[in-house]
Amino acid sequence: MTVQDTASRRSTDPASVIGRRLTIERIASVLVLSLLLIAPMLVKTFIVFQFTMIIIYGIAIMSLHLLTGWSGQFSLGHSAFFAVGAYATGILMEHGNLPYPAALPLAGAVCFIFGFLFGFPALRLSGIYLALATFSLAIAMPQFLKLGTFEAFTGGVQGLVITKPDAPFGLKLNQDIWLYYVTLAVALLLYGLSLNLLHSRTGRAWMAIRDNQIAASAMGVNLTMYKTLAFGVSAGMTGIGGGLAAIVVGFVAPDAYSITLSNNLFIGMVIGGVGWLPGSLAGAAFLVLIPNLSEQISKGLAGAVFGVFIILVIFLFPGGARQAAQLTASWIRRLSGRH
Amino acid sequence: MELFINQILAGIATGAIYACMALAIVMIYQSIDTLNFAQGEMAMFSTFIAWQLMQWGMPYWGAFIAAVAISFIGGIAIERILFRPLQGTSVLVQIAGFIALFSIINASAGLIWDFSIKPFPSPFGSAPFLGSQLISNHEAGMIVVTALVLAFLYAFFRFTRLGLALRAAATMPESARLVGINVGWMIALGWGLAAAIGAIAGIMIAPVVFLEPNMMGSVLLYGFVAAVLGGMASPAGAVAGGFIVGVLENLAGTYIPKIGNELKLPIALALIITVLVFRPGGLFGRVQAQRV
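Chain order of the listed sequences is E and L. Position 201 of the first sequence, counting from 1, maps to 201 under this note's numbering, and the rest follow consecutively. Every number in this note's numbering is 339 more than the matching position in the second sequence, counting from 1.
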């Protein structure tokens, strides 16, 4: 069963089924959301930092869902957009003395333009050729960032230190906790925007392109426009994620944005269930928590254990967290006798 | 002019490495229709096996043949255990599987043989080839080996029944099944062949880049680029692509002022993507017509 099947099936379901499914979905969303809201009160600062990173990766993975799951294009180059967002934010804050609420949207806009422009050559490529083009972008980015010519701005190999902002209005909140809430708010905003976008003309155009490009263009969907737009939107979102990461970590350096980051985001997408936006959070949690767990299981073999975990997940749930969530939902429904 | 010719020669020498790798990549692409991101790590592991056998006192060619044979079996085993169950899932899931395999092999090699850099012997020696300072005997030998492998593959795919069956299983699995070809085993065999070629590539490359778990990082990337540039469906194209990439990379490093050397790799990649934009099927491949 492919993602496409389930995505289209949802829209053809009878209304009653939707209504019933929505209740379980709603309860789950409210539970997750309230958990996210109170989490910082319950745990230590380091864990709050990890939660923040989960949400940031969640934003980047969500943007991959839009690009891959909805418009059917493929990217191994999102670490590059993440890097551009992080550096743009860092440079605007440190060299431009902008406050972060202004720097973040600007960084997003820079990434949107960058992604939009990158979308043009990508238009001619598909499948492995697109994979290669995006892969190249990810490989090239750290080398550009290290380049001596821009060292005055980027800090070259050394990177750039960013001052962590304090909580405003005299709020007595720890920096990390404040940044956690900022990140969460940005993520929820982006999530809402994405949902609206997907249920609009644009989202339908993307789906049509994904399912059959030729048919879509025969129906009058402007392929150039919508495919490059998908790259732009996805890059812009990832860029905002990158900017948040830069602020939260307080430091940007070229080697943090290697191809490994791209690979990880990709894995996060697959583990969440391609095209399912709430899965981003599950995928991101996997990326942050599983390497730690692997490290505890075996220091020397941490990479191998991480790989084994990935294989376990894709063997058991090829549809990722989405499949697991559907199974759980139907199980709950059966238990509650509302079958 | 002399500088130019020298750079081209040096490019051909490094190109031979990429050609070797590209050949292995195209092989597996022919049988499974996706890029194998773990290909480089598989080759690295095979090279370590050859090294280990030599440490235990095996002669070079004995270790060479044993490592290639073990890799062949290992490739089949990986397909049977790991990728057979993933058949029928989406390409994205399979790519996640490749990334996982990459990480498993890399970490295991690091644990077994640690991350220190080890020299690897060459059967051809490292003396300058015919007195030229740019190509060593080893690099000349590597080009010959690549040519031999290519000739063998050509003959295998062109003149044997098994080769024909492999090609049929890759291009049209359904029809191949109907005429009685065991498609599942053909895919496994493709994996085995690719792993074996990867082992040859690794053993040939190791004396140049030295042996360590991350030795294949950039080689694999160049191999991909070469394979895609040559057209994924054509082994000869992949070899030609390898040499082109090697030469381009060297020329970009020499002739583009200031940033040329620092950005050798991005420049080569940008050139190749430009080529692909104009010839989406690669230089020697055919653009696949799509049935609507």
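Note that CB positions come from ideal geometry on N, CA and C, so glycine has one too. Since the structure is predicted, the reported quantities are computational estimates derived from the model, not experimental observations.
Close CB contacts of E/A253 within its chain, under the 6 Å cut and outside five residues either way in sequence, are with G159 (chain order). Pairing L/K457 with L/L550, the inter-Cα distance amounts to about 5 Å.
The alpha helix (DSSP H) runs lying completely inside the region 14-61 of chain E and spanning 4 residues or more are 15-42, given in chain order.
By the rule that beta-carbons nearer than 7 Å mark a contact, L/V616 touches chain E. Taking 7 Å as the CB threshold, L/P619 lines the interface with chain E.
Look at E/L197 here: in three-state DSSP terms it is helix.
For E/F306, the closest Cβ of chain L is nearer than 7 Å. For L/F422, there is no enclosing alpha helix (DSSP H), as DSSP marks it with neither H nor E. Taking C-beta atoms under 8 Å as the contact rule, E/I314 and L/G436 qualify, at a distance of about 6 Å.
Its Cα nearest to that of L/M525, the residue L/A504 stands out among L/A504, L/L517, L/L608 and L/E341. A straight line joining the alpha-carbon of E/A167 with that of E/W178 spans about 6 Å.
For L/I456, no alpha helix (DSSP H) run applies, since DSSP gives it neither H nor E. Near chain L, meaning a CB-to-CB distance below 9 Å, the residues of the region 125-153 of chain E are L125, S126, G127, I128, Y129, A131, L132, A133, F135, S136, L137, I139, A140, M141, Q143, F144, K146, L147, G148 and T149.
Close to L/T428, with beta-carbon spacing below 7 Å, are these residues of chain E in chain order: P318.
Within its own chain, the residues whose Cβ lies closer than 6 Å to the Cβ of L/E380, once the five positions on either side in sequence are excluded, are F441, I444 and N445, listed in chain order.
Relative to the Cα of E/L35, the nearest Cα in the group E/L281, E/V308, E/T328 and E/L327 belongs to E/L281.
At least one beta carbon of chain E lies nearer than 7 Å to the beta carbon of L/A446. Counted as a single uninterrupted DSSP element, the stretch harbouring L/E418 is not any alpha helix (DSSP H), since DSSP gives it neither H nor E. For E/S29, same chain residues with a beta-carbon under 8 Å away, outside a window of 5 residues either side, are P278 in chain order.
For L/A439, the nearest beta carbon of chain E is closer than 7 Å to its own beta carbon. From the beta-carbon of L/M571, the residues of chain E found nearer than 8 Å are I128. Counting C-beta pairs with one atom in each stretch, the region 552-562 of chain L and the region 328-337 of chain E have fewer than three that are closer than 8 Å, which means they do not touch. Rounded to the nearest angstrom, the Cβ distance from E/G275 to E/G69 is 3 Å, consistent with a contact under 8 Å. The beta-carbon of L/V518 is placed no less than 7 Å from the nearest beta-carbon of chain E.
The C-beta of E/E151 has fewer than 16 other C-beta atoms within 10 Å across all chains shown, which makes the residue exposed. At least 7 Å separates the beta-carbon of L/L604 from that of L/L568. Within the region 171-200 of chain E, no residue has a Cβ lying closer than 7 Å to any Cβ of chain L. In the displayed model, E/F251 falls within a strand according to three-state DSSP.
Closest in alpha carbon position to L/A609, among L/T593, L/V584 and L/Y594, is L/V584. Setting aside the 5 residues that flank it on each side, L/L342 is surrounded in the same chain by T593, each with a C-beta closer than 8 Å to its C-beta; the list follows chain order. Distance from the CA atom of E/A321 to the CA atom of E/M269, rounded to whole angstroms, is 10 Å. In this structure, the alpha-carbon of E/Y191 lies about 27 Å from that of E/F169.
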